[in-house]
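Engineer: Pasting a structure below so you can have a look.
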Amino acid sequence: MRGLKEHAMTCETTRDACLRAFLDLLADRPFERIALADVAEHAGVPLSQLRVECASTSDLLDAFARATDRHVLAESGADQSGPIEGESPQERLFEVLMRRLDALEPHREAVRSLLASARRNPLLAAHLLKIGTRSQHWMLAAAGIDTTGLAGDVRAHGLALLFARLLDTWLKDEDPGLARTMAALDRELGTGAKMLDMLDDLAFIALPWRKRRRSAVEPPPPGAQAPGTQAGAA
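Heads up: the sequence shown begins at 304 in our numbering, then just goes up one per residue.
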């Protein structure tokens, strides 16, 4: 049992070292110029060991997002107590997203470099949006906001786009108190809440329509009177 625990700790340490090396390199050069061999050398691990931890530099982006998710969820207390009672969903989400920015602060230059690369590379931008949408599902859950079904997917996708815009403001905000960033987030969440209310209204409108359409195409049960006929008609 001890051997298994030590092996697990070694794997975790190696994985963390590889991620730190990747982020260090990303802060210094564009994403497209980071080779796997560079990451292995900077982390001080054999290339074969890096292959155990990841398949590509895109995998390291996924690992960065997961590590940030875990940090925010742990800091928000979502694992123990859930969302704070008495606060509105918008207030809870504000706190969660500010914690996410706090988690990204040590890697600000890496984030700046990554976003610059994404502006030049549509495929990278699409991949980052996919990663961001997955992460925002967890941020919504931490804020106690429903993430199930199509509405949940729409919320997460919209929040990923919102957060991407917020990152641009954050990267330019030199105030230690992040006053400009907080004002932008409050404004974005206010607009986003109105849009989500509209989407919820559309969902309620569409549901009866789907039910009506389904009933129009379903055959009547055996023995039921067909439309346009009278009982007992030949």
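Virtual Cβ for every residue (Gly too), placed ideally from N, Cα, C.
For V355, count neighbouring Cβ atoms within 10 angstroms of its own Cβ and tell me buried if that reaches 16, exposed if not.
Structural biologist: exposed
Engineer: Can you list, in chain order, the stretches of the alpha helix (DSSP H) that have 4 or more residues and sit fully within the stretch 340-398?
Structural biologist: 350-356, 360-379
Engineer: Give the DSSP-derived three-state secondary structure of D331 in the structure shown.
Structural biologist: helix
Engineer: Taking Cβ positions only, does A366 come closer than 8 angstroms to chain B?
Structural biologist: Included in the structure is just one protein chain, with no chain B present.
Engineer: Any contact of the stretch 468-482 with the stretch 409-418, i.e. 3+ C-beta pairs under 8 angstroms?
Structural biologist: yes
Engineer: Examine the Cβ distances between the stretch 436-451 and the stretch 388-397 and report whether three or more of them are shorter than 8 angstroms.
Structural biologist: yes
Engineer: What is the DSSP secondary structure of K514, counted as helix, strand or coil?
Structural biologist: Since pLDDT at K514 reaches only 44, below the 50 mark, its modelled position is unreliable, and no value is offered.
Engineer: Output the distance between the C-alpha atoms of L325 and L350, rounded to the nearest integer angstrom.
Structural biologist: A small correction: the amino acid at residue 325 is Phe; Leu does not occupy that position in the sequence shown. Looking at the two C-alpha atoms, the distance is approximately 13 angstroms.
Engineer: In terms of residues, what are the limits of the alpha helix (DSSP H) holding L453?
Structural biologist: 452-475
Engineer: Please name the residue, chosen from G461, L481, G480, that lies closest to L492 on a Cα-to-Cα basis.
Structural biologist: G461
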